[in-house]
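As structure tokens, the structure follows; a few thoughts come after it.
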Amino acid sequence: MRRAFTLTELVVVISLIIIMSGLSVPAIHSYLLNRDQTLAVQVFSGAVTNAQALARANFTTTAIRVEQAFATDEAGRMLRDALGQPRWLDHQRVEILAVGMRQPQKPIAGEELVFRRLVHVPAVNVPSSAWLAPDNALSLLASGNTAYQPAAPGTAAIDTLDTFYLAFNRQGRLVRLPASRLIYLDERQDNALIGHPQPSCSGAVAYNRARFEKSGRDPRWLRSGIALYVGQRTGSVIGAESAR
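Its first residue numbered 5, the sequence shown is counted upward by one per residue in this note's numbering.
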């Protein structure tokens, strides 16, 4: 039987993958991308590679979560304004998650597993002008309401254009998990179990967020973005000039 990676070995492997994935933008001609789009694609591609490697090494389900970043205190807890709203930042971040028990110290038989943040694998920021949206962004926008309020009292509402998942099974294969499986233990908030109304995605779109918002959320800015397709088995990221 093949020995699984230790945590230390895994962190080293992931660090090397991060370095290697930052050297180039896979399968996308450089003339299609500006600097921030290039960085956004690198962050996304690196996260996909790392999540897939983690799934295979530990034979566990993993995911990447893309979300709008918010300010935190020294303990990593969410900071809120006088109205109780999160202090949103003008960029996204991408983090790698793995399934686990809600309270590993006090396991409960039959308890449903949730996605948890890996404390030894830091989240990576996406450049402020080149945001990532899920591959179904146009249909979400056409629905007229992309906001979602998690059921747990006091949790922050999210925009499903900004917050989404890609998931990998224990063999590292890209899978589409139903929304009921996308429960995130966000320990930065008081009521930490955060649901999501959409299933996990198969890709993303890198687009100019500032112009999208300035135009009144004109869908043309999503259509003109760079569509990022993820190979189901290989995890390789392939880009197309337009997200049409």
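The beta carbon of each residue, even a glycine, is placed where N, CA and C say it ideally should be.
{"Item": "Anticipated Cβ contact below 8 Å, residue 204 with residue 180, distance rounded", "Value": "6 Å"}
{"Item": "Contact set for residue 166: own chain, Cβ-Cβ below 6 Å, skip 5 residues either direction", "Value": "72"}
{"Item": "From 51, 55 and 221, residue whose alpha carbon lies closest to that of residue 163", "Value": "221"}
{"Item": "DSSP bridge partner residues for residue 190 (one or two, in chain order)", "Value": "For residue 190, which the question treats as bridged, DSSP gives no partner whatsoever."}
{"Item": "Residues of its chain near residue 156, where Cβ-Cβ distance is below 6 Å and the 5 sequence neighbours each way are ignored", "Value": "195 and 197"}
{"Item": "Residue from 65, 87 and 84 with nearest C-alpha to residue 103", "Value": "65"}
{"Item": "C-beta atoms of residue 213 and residue 135 nearer than 8 Å", "Value": "yes"}
{"Item": "Counterpart residues of residue 249 in DSSP-defined beta bridges", "Value": "This structure cannot settle anything about residue 249, because the visible part of the chain is limited to 5 through 248."}
{"Item": "Between the CA atoms of residue 86 and residue 62 - distance to the nearest angstrom", "Value": "43 Å"}
{"Item": "Per-residue burial, residue 230 [other beta carbons within 10 Å of its own, 16 or more giving buried]", "Value": "buried"}
{"Item": "Beta-bridge partners of residue 225, as assigned by DSSP", "Value": "According to DSSP, residue 225 bridges with nothing at all."}
{"Item": "Pairwise C-alpha distance: residue 69 and residue 169", "Value": "5 Å"}
{"Item": "Proximity of residue 98 and residue 51 at Cβ, strictly below 8 Å", "Value": "yes"}
{"Item": "Residue 186 beta carbon less than 8 Å from that of residue 200", "Value": "yes"}
{"Item": "Per-residue burial, residue 121 [other beta carbons within 10 Å of its own, 16 or more giving buried]", "Value": "buried"}
{"Item": "Residue 90 burial status per 10 Å Cβ neighbour count (16 or more: buried)", "Value": "buried"}
{"Item": "Pairwise C-alpha distance: residue 101 and residue 67", "Value": "5 Å"}
{"Item": "Contacting residues, own chain, Cβ-Cβ under 6 Å from residue 182 (five flanking each side not counted)", "Value": "203"}
{"Item": "Enclosing beta strand (DSSP E) for residue 165 [first to last residue]", "Value": "No beta strand (DSSP E) contains residue 165, which DSSP labels as neither H nor E."}
{"Item": "Neighbourhood of residue 224 by C-beta distance below 8 Å, restricted to the same chain and skipping five residues each side", "Value": "none"}
{"Item": "Spatial distance of residue 76 from residue 132 (CA atoms)", "Value": "18 Å"}
{"Item": "Close Cβ partners of residue 159 (< 7 Å) along its chain, the five nearest in sequence each way excluded", "Value": "193, 195 and 198"}
{"Item": "Residue closest to residue 237, alpha-carbon to alpha-carbon, out of 124, 43 and 53", "Value": "53"}
{"Item": "Residue environment, residue 83, which counts as buried when at least 16 other CB atoms sit within 10 Å", "Value": "exposed"}
{"Item": "Residue 150 (DSSP reduced to helix, strand or coil)", "Value": "coil"}
{"Item": "Outcome for residue 55 when other beta-carbon atoms lying within 10 angstroms are tallied against a minimum of 16", "Value": "buried"}
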